[in-house]
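Structural data, given as structure tokens:
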């Protein structure tokens, strides 16, 4: 029943875009994961589509399957291209060492999302490099941030995920971690403070976190103040050459 409500809710949102004859661009991995999976299911399962449309009929809507949904990184990759992005950069993030975290909900299920290699993702590092920064590899790059564990009520396991990822980032020599997903961002920012209560390594050397669009804004000439860095929970100074 819960999956049915999940599918119906996502389908309702898709129909709004269909009505306007617009594709959807998401800024969130989880949102893209949900919308892409539901869009795929309903386009390829006539029986499910019929059942969902019977429910949507009660609110005057119908899923038709006429649009596609993509994460902003997918739009960047497929429509704009990294070469063009490089030409748009006003203030390259030269010398900034960044550990990229693409986030698992943008990588799996790969047969539907078709964005990057879920085991060895490359595009987010290429994105970081296009902005002038230096992508830094680390062992747990493709691992989950642990937010799903926190939402399921296992905060201890969630904190272990944060600790494992961020200590790997510390060891890599990166100055910060950047993620394409707002939920992952919250996990590494607010969750890092919670995890630091149990893991002194994180308290001794906190890791700043930047959302992927914030990183883009900095490369476009905006300041840390412009992107609201003062509102982050982890406020370690980030040195950016101008």
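In my numbering, the protein residues as written are 7 to 248.
From the three backbone atoms N, C-alpha and C, an ideal C-beta is built for every residue, glycine too.
No experiment lies behind these values; they were computed from the predicted model shown.
{"Asked": "Where do the N-terminal and C-terminal ends of the alpha helix (DSSP H) with residue 175 fall, by residue?", "Found": "161–178"}
{"Asked": "Residue 182 lies in the beta strand (DSSP E); which residues open and close that run?", "Found": "182–185"}
{"Asked": "I'd like to check one pair, residue 169 with residue 130: are the Cβ atoms closer than 8 Å?", "Found": "no"}
{"Asked": "Around the Cβ of residue 171, are there at least 16 other Cβ atoms within 10 angstroms (buried) or fewer (exposed)?", "Found": "buried"}
{"Asked": "Less than 8 Å between the C-beta atoms of residue 307 and residue 127, yes or no?", "Found": "Nothing about residue 307 can be read from this structure; the chain reaches only from 7 to 248."}
{"Asked": "Measure the beta-carbon distance from residue 20 to residue 45 and round it to whole angstroms, keeping in mind my assumption that it falls under 8 Å.", "Found": "6 Å"}
{"Asked": "Identify which residue in 192, 224 and 147 has its Cα closest to the Cα of residue 36.", "Found": "192"}
{"Asked": "Nearest to residue 9 by CA position, among 24, 25 and 43, is which residue?", "Found": "43"}
{"Asked": "List the residues that DSSP assigns as beta-bridge partners of residue 76.", "Found": "31"}
{"Asked": "According to DSSP, simplified to helix, strand and coil, what is residue 41?", "Found": "helix"}
{"Asked": "I need the straight-line Cα distance from residue 198 to residue 212, nearest angstrom please.", "Found": "8 Å"}
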